[in-house]
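Below is one structure; the comments refer to it alone.
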Amino acid sequence: MAELIRPAVMQGKAVRSVKELSFHERNGILEETYWNFVIFPIVGSEGYALGAVDSLVELTRHVISQRRGEVVEKLKEQVSGSGTISDIWHRCLESLEGFPEDVPFALIYSNDDDSASSTSSSWANSMKEYRLHGSLGIDRNNAAIPTSFDVADRESVYGLARACRDAIIGRKTVVLRRQDNSLPADLATAIPGRGWEDPVEAVCVMPVANNASGALAFFILGLNPRRPFNEESLQFAHNLRDVLTKSSTLLGQAKFEEIHDNLATQLKISTLKAARNEDKFTRMAESAPIGICTFRPDGKPLYCNDEYLNLVGVPREYDWKKLWDSSATWRSQVHPEDIEKINIAWRELLEKKKTSAVVEYRVLRPWRSIDKATGSELTGETWLMNNAVTELDDDGNVVYIHAWLHETSVRHYTETLLSNRLQEALETKRASENFIDMVSHELRNPLSAILQSADGILTALDDPEARTRNDNEMLDGILDSAKTIILCASHQKCIVDDILCLSKLDSNLLVITPDKVSPPQLIGRVLKMYDGELQRASINAKLEIEQSYHKIMDSHEYAMLDPSRLLQVVINLLTNAIKFTQFSDKRGLTISLGASYEKPTGARHKLTFIKPRTVRHEHSTALSEEWGEGKDIYLQLAVQDTGRGLSEEEISLLFQRFSQASPKTYKQYGGSGLGLFISRELCELQGGAIGVSSPGVGKGTTFAFYVRARRCPPESGAVAESPVALQHVWNTPVTGSTAMPQAAGLDDANHTHPPAPVRAPSSTTIQSQSKPVVPERPLHVLVVEDNLINQRVMAQQLRKQNCVVHIANHGLEALSFLSTSAFSSSTSPTPLDVVLMDQEMPVMDGITCVREIRTRQAAHEFTGHIPVIAVTANARSEQITVMMQAGMDSVVTKPFRIPDLVPQMRKLVEKTNPSSMTKDGASDKDERPPMSPEPQDFGTATTNSTRVKVQRTPSSWDQVVGDQALHDLW
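Just so we're on the same page, the working numbering is the position in the sequence shown counted from 1, plus 1034.
Written out as structure tokens, the structure reads:
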């Protein structure tokens, strides 16, 4: 290659090389290959060649095929003038002498005895002695080469003799290969000056026949060791053999006429034998477990056994030959989609494009079987496999088509079942991984805020100036941090409760404990508990008692049911409804309560309940004595909202483990993806079911469920109003978070988070005695974070580390801020040193944002390199790799400590933009972190054809008062 590349680079011109020989190791052997090379120089801006591009095309098959064709043509030319059989063998070896690559060696054993072409057609009569006529390339004294052998000798010590016997008996070419140890070691040798002087890998042993009963000679050919043995190699050997066969046949025409007479005699004998054996064949065919049939070329059947008729659906009692010609033929039993497959195979057989065909097709009758393990009935489509071969006359015309038919329904059913099980397993694995990612994110996010708030408390306590300056201010900060810790811990508890509840359900440890309650009062309590949440979201909520309830239950009558499990489902549906309705134009929510003696059908709310699982349903049908002796009833509850609604595809994903309605649900609303699955399990555990309906996206959603209960006298006591009962409810793990309703997800959709490598160390241990780091100069930091709690905590801690903090809610706001920063061409730029970028954000996520930043840098819209550090709860290595590939300079996984992060930020700034730091580490002017920045207008940004006016007040947290407001912001 150097000889080709050098002139291309030095002269700046393309260099071409045609049919360049090269040896490459492929499939364990060193192969002879041929290539066309075109070397193009790569010319730089200064006119010098920077390198070269090699365009290459492999021509190995073409070159080898062309060369082998020359070998065959040379052999034809040499043997065409032969006068005797012996002369053919001599000229053959002489012509092959000039092709050392493709013919490392060759041997010819001939039968000089004229009786070798005996008039007898018996193969036994052709088992004569063959002598070595000549050799090419290999020493005649080689231990593996006998000077003569008798093919009738089954105990010959020579491998070649046994191979020749197998070839003449099987009427085939026998291939001896070193790979399978069938080639004698003495033949697997390197031939000086031939075959690239490599050991021979494969040898073809071929009989050269002059009649149907014997062989004039054996042609033994060693193949090119630097070419893989394949169909092309075998065809090359057969072409050489065919040339010898044709030449010897022309010379032995007189002997063939004698053989023809012998065959005629044998045919008469065979005809008599066939007549006697026909009855045997018929009896065998009728008892065969597969269908057997013989057709004429026009499609008329000549013979069909009973099994064939049974498989194609034609009864034997009819005149099946006439039935075959009528409109109600067997084709009417074939599945319409598979008719064309049969027609194509039939045409190919008649047109002699193929001598055999295998067709699998379906018939209309269904397949049924019984599962021996369970005794249940299995059903599916009936599949048949038809193997057909053609029988040709002497002129090559198709005279018969023989077909064998058997049923393959069981195999197809098994393959489909295994495929479905595999897909289910893969989907379960994928959903589990997504669930782990989600749980990691949901736990790490608040944990980071907890650590940073704790750091804030410790820093405040260790700061003597803060104590003397304003104790009240310090105490307010500590109190605020403590509330943040409590809120974050509460959020983590809800996630853990969901997982524990699911674990109990899987282990059948969750039991139903009935109590006497008033259903209307119980549901009313739920609405009252969420009254503040509903008011803040401006949602008009109401409880509607249906007429069906009044017909069965008095207004003061109680029912026996498990209030905690019932509320667990109601609260989950209610929090979901609030979450997905709070941003709608029309905000309404209705909880309806009904009752019936029969199982509800869902028609009242235009939905279909999900069919309960058999095991769970049977477990929940029997009510024990603790349920009382009242009459069984079914309580039906529905939560109807005017929120975003659901599409058909989203509805199909609901109520599955670890899933939410759509991949966007988790990013926008959070949640564990377990709520609706747990709700379904709890409904089934109480002898009920759950369902959902939605007119479409943007048209609201209705969730409805029913549970089994019993009536009981009203004098039992108002248990639903007792504080103990309510406390019991709140101590149960409630999906959707009773403490923080907005933390639950609509449940049931796939969620995948982008990844995270840890460049700055993450820590789970708060060092209580860490001393505040005095920065060399204030760092200007842009915090891109959608979670307001994390915004506030990070801003507080960064300011304590002498940083000037700017806030952006998502990637689009970050891009708008950067367009006014020191990295832009703005006339009055805002100083900026580094960006801390969250990943999971609405509008524009962190990965999309950093890619856009790097794109704008490349387009010189931003000057210099903008340091960006990913701050994320996604900690898997694959996720980290994605973030680094997107353009992050470093990745910090939550939880982390700000005192540990700031030094890493400074190192990154010094590395990427050293000019931004003065030699002594001080800035050109004294910059103090603003504690209450004014509202900033980040301008108008455009993404995905959507114009967004970006304006926010970073100090909006100062307006937050009380636990509830903190809860709302979370």
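All residues carry an ideal CB built from backbone N, CA and C; glycine is no exception. A quick note: this is a predicted structure, and the numbers were derived from the prediction, not measured.
- In the structure shown, Val1097 adopts helical secondary structure according to DSSP, grouped into three states.
- Rounded to the nearest angstrom, the Cβ distance from Gly1168 to His1124 is 6 Å, consistent with a contact under 8 Å.
- The Cβ atoms of Glu1065 and Arg1261 lie closer than 8 Å to each other.
- Inter-residue distance for Leu1623 and Phe1711 is about 22 Å (C-alpha atoms, whole angstroms).
- For Asp1088, the secondary structure class from DSSP, reduced to helix, strand or coil, is strand.
- If you draw a straight line from the Cα of Ala1249 to the Cα of Asp1429, it is about 25 Å long.
- For Leu1418 against Val1397, the beta-carbon gap comes to about 6 Å, under 8 Å, which counts as contact.
- Following the DSSP letters along the chain, one finds Phe1329 inside the beta strand (DSSP E) bounded by residues 1325–1329.
- Here Ala1042 carries a helix assignment [DSSP, helix/strand/coil].
- When only Cα atoms are considered, Gln1616 and Leu1680 end up about 16 Å apart.
- Taken atom to atom, the span from the alpha-carbon of Ala1483 to that of Thr1408 is near 54 Å.
- The beta-carbon distance between Tyr1668 and Lys1633, rounded to whole angstroms, is 6 Å. This is short enough to meet the 8 Å contact definition.
- Taking Asp1332 as reference, the option from Asn1311, Leu1383, Lys1314 with the minimal CA-CA separation is Leu1383.
- Taken in chain order, the whole alpha helix (DSSP H) runs of length 4 or more contained in the region 1370–1405 are 1373–1384.
- In the three-state reduction of the DSSP assignment, Ile1573 falls in the coil class, being assigned neither a helical nor a strand state.
- Short of 7 Å from the beta carbon of Arg1174, and not among the five residues preceding or following it, lie these beta carbons of its own chain, in chain order: Leu1166.
- Residue pairing by DSSP puts Met1240 in a beta bridge opposite Phe1253.
- Distance from the Cα of Lys1047 is smallest, within the candidate group Ala1086, Phe1851, Met1035, for Ala1086.
- With respect to the C-alpha of Trp1661, the residue from Arg1744, Ala1920, Pro1323 having the closest C-alpha is Arg1744.
- Lys1386 counts as exposed, since fewer than 16 other beta carbons sit within 10 angstroms of its beta carbon.
- Annotation: Arg1478 to Val1604 spans about 28 Å, alpha carbon to alpha carbon.
- Counting the other CB atoms within 10 Å of its CB gives Gly1722 a total of 16 or more, which places it among the buried residues.
- Fully enclosed beta strand (DSSP E) runs of no fewer than 3 residues occupy 1182–1184, 1208–1211, 1228–1233, 1236–1242 of the region 1165–1252, in order along the chain.
- Between the beta-carbon of Asn1610 and that of Gly1709 there is about 7 Å, and that keeps the pair under the 8 Å contact cut.
- Sequence-distant Cβ neighbours of Ile1254 in its own chain, meaning closer than 6 Å and more than five residues away, are Leu1141, Val1239.
- With respect to the 8 Å criterion, Ala1042 and Pro1075 are classified as neighbours on the basis of their beta carbons.
- Proximity to Val1106 across Asp1136, Gly1845, Thr1413, Asp1596 peaks at Asp1136, based on C-alpha coordinates.
- If you ignore the 5 residues before and after Leu1641, its C-beta comes within less than 7 Å of the C-beta of Gly1725, Val1726, Ser1727, Thr1736, Ala1738, all in its own chain and listed in chain order.
- When C-alpha distances from Trp1230 are compared across Ile1435, Leu1866, Phe1057, Ala1893, the shortest belongs to Phe1057.
- Counting the other Cβ atoms within 10 Å of the Cβ of Arg1464 gives fewer than 16, which makes it exposed.
- Secondary structure note for Pro1933: it is in no beta strand (DSSP E), and the uninterrupted alpha helix (DSSP H) holding it is 1932–1946.
- For Ala1222, the closest C-alpha among the options Asn1258, His1840, Cys1126 is that of Asn1258.
- Just measuring C-alpha positions, the residue of Arg1199, Ser1116, Glu1441 sitting nearest Leu1285 is Ser1116.
- Residues Ala1575 of the same chain have their beta carbon placed closer than 6 Å to that of Leu1568, with the five preceding and five following residues left out of the count.
- Thr1118 is classed as exposed because its beta carbon has fewer than 16 other beta carbons within 10 Å across all chains shown.
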